[in-house]
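Here's the structure, in structure tokens; my notes come after.
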Amino acid sequence: GSKSFNFAAYHTLETIYQWMDSLVADHPSLVTKLQIGSSYENRPMYVLKFSTGGDNRPAIWIDAGIHAREWVSQATGVWTANKIATDYGRDTSLTSLLNKMDVFLMIVTNPDGYVFTHTSNRMWRKTRSRLPGTTCRGVDPNRNWDAGFGGPGASRNPCSDSYHGPSPHSEVEVDNVVNFVQSHGNFKSFISIHAYSQLLMYPYGYSCNDVPDAPELDSVGRSAVKALSTLFGTSYKVGSICKIIYQASGGSIDWSYNLGIKYSFAFELRDTGRYGFLLPANQIVPTASETWLALKNIMEYVRDHPY
Amino acid sequence: RQLFVGDQVLRVAVETEEQLRLLASLEEDEILQLDFWLHPVSSDLPVDIRVPFASLQTVKVFLESNDIPYTVMIKDVQDLLDEEEAEMEADSVRER
Chain A
75 GSKSFNFAAY
85 HTLETIYQWM
95 DSLVADHPSL
105 VTKLQIGSSY
115 ENRPMYVLKF
125 STGGDNRPAI
135 WIDAGIHARE
145 WVSQATGVWT
155 ANKIATDYGR
165 DTSLTSLLNK
175 MDVFLMIVTN
185 PDGYVFTHTS
195 NRMWRKTRSR
205 LPGTTCRGVD
215 PNRNWDAGFG
225 GPGASRNPCS
235 DSYHGPSPHS
245 EVEVDNVVNF
255 VQSHGNFKSF
265 ISIHAYSQLL
275 MYPYGYSCND
285 VPDAPELDSV
295 GRSAVKALST
305 LFGTSYKVGS
315 ICKIIYQASG
325 GSIDWSYNLG
335 IKYSFAFELR
345 DTGRYGFLLP
355 ANQIVPTASE
365 TWLALKNIME
375 YVRDHPY
Chain W
42 RQLFVGDQVL
52 RVAVETEEQL
62 RLLASLEEDE
72 ILQLDFWLHP
82 VSSDLPVDIR
92 VPFASLQTVK
102 VFLESNDIPY
112 TVMIKDVQDL
122 LDEEEAEMEA
132 DSVRER
């Protein structure tokens, strides 16, 4: 059952998917599991929907694990799903949020890549799609969105870890999310969870120009990381992708922002400075717990600032 | 399964634009098979590079000869992966 799950451990895709079923079974009036499509290797892609009812309410999108090897991201997704389910009805603020809005959480956005990190190459980052004319496999799914596609900060080399792919949304994993978000039509926030290097970013990545909402997004981001740091003092940098890491085209939150989802953010989670992607499992719960404070802060802001 | 025996992760503290340029040239060298966990883009952030064992000496000599400071962040990637896998196995047995 969902209650006996060890959140302080990394798990296989199969275990995570089984756990999602147990979470739904334990919270049937709040959580449902939706399949939004299948991956290149035909694995189901699931989104957990947290909803207290209503018809197509304004919603918040959260995805984790688009880069396969960033394991603390998927693990944080699991912990966060459990937190939302168990705190509903106990935490006044979260309860009021879920009484107004829905939350959609995708824990493993790149299932093929995640399985590959467990079975063949722990350092794998991309999807597992095949392309004619090359033996190299996979596309960086965070360079594959239709937002400055093929521009600076993405590689045209299929063997590169930041290969943008043959065309925008060529990766079925990206296309599935795009279709779901577009057909829903009422997302007010889009949050992607990556790891590592402790950053909270907003658009753009493909351009170093400020987005029209940059001052507000900056202020929301700073408030969120202030909340995050209250738990363990972890420090984050806040800014646009281009200005605080590097110019990177074809990213998910640039796409969502251009679609009209104003509150678009990307997290790079905790880095102890010693392990990089290989963050020990005993760091999962501390990382997820502090991240939750930032996520909640952003979600509350979105709830209180309808547009 | 791909192994990473002897691979190290180096954390490079970039201080100048010239050092950034030199690291970017390393990134373009496909023969070295370097895996940049953090890319050379700004002197505000460290640059983390997973260096395969076969390229380790070349990369360290390159950094030292160009006075680019670095530390070894992970001494042997495979050791960490072995620990991670053992821990996962122990957890799954405990859960069963």
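The listed protein sequences derive, respectively, from chains A and W. FYI, in our numbering the residues of the first sequence are 75 to 381. FYI, in our numbering the residues of the second sequence are 42 to 137. We put the beta carbon where it would ideally sit given N, CA and C, even for glycine.
For this session: Look at Leu352 (chain A) and Leu44 (chain W) and say whether their C-beta atoms are less than 8 Å apart.
Result: no
Exercise. Taking 8 Å as the CB-CB cut-off, is Ser281 (chain A) touching chain W?
Worked result: no
Exercise. Which runs of the alpha helix (DSSP H), 4 residues or longer, sit entirely within the stretch 236-279 of chain A?
Worked result: 246-258
For this session: Report the rounded CA-to-CA distance for Asp287 (chain A) versus Asp132 (chain W), giving the unit in angstroms.
Result: 45 Å
Problem set entry | 3-residue-minimum beta strand (DSSP E) runs that sit fully inside the stretch 97-133 of chain A, ordered along the chain | 105-112, 118-124
Problem set entry | Proximal residues to Leu273 (chain A) (C-beta, below 7 Å), its chain only, five neighbours per side dropped | Tyr310, Lys311, Ile318, Ile319, Glu342
Problem set entry | Start and end residues, alpha helix (DSSP H) containing Ile115 (chain W) | Looking at the DSSP string, Ile115 (chain W) is not in any alpha helix (DSSP H); the run it does join, the beta strand (DSSP E), is 111-115.
For this session: Would you kindly report the start and end of the unbroken beta strand (DSSP E) that includes Glu342 (chain A)?
Result: 337-343
For this session: Kindly indicate the opening and closing residues of the beta strand (DSSP E) around Trp78 (chain W).
Result: 76-79
Problem set entry | 8 Å Cβ cutoff met for Val50 (chain W) and Ile90 (chain W) | yes
For this session: Give the residues from the stretch 178-199 of chain A that approach chain W closer than 8 Å (Cβ to any Cβ), ordered along the chain.
Result: Thr193, Ser194, Asn195, Arg196, Met197
For this session: Just confirm the distance between the C-beta atoms of Ser113 (chain A) and Pro215 (chain A), as a whole number of angstroms; I'd bet it's less than 8 Å.
Result: Not a contact, Cβ separation roughly 10 Å.
Problem set entry | Limits of the beta strand (DSSP E) - the one that Gly313 (chain A) falls within | 311-314
Exercise. Looking at the structure shown, is Ile136 (chain A) part of a helix, part of a strand, or coil, going by DSSP?
Worked result: strand
Exercise. Between Phe94 (chain W) and Asp48 (chain W), is the Cβ-Cβ spacing less than 8 Å?
Worked result: yes
Exercise. For Asp328 (chain A), which three-state DSSP category applies?
Worked result: helix
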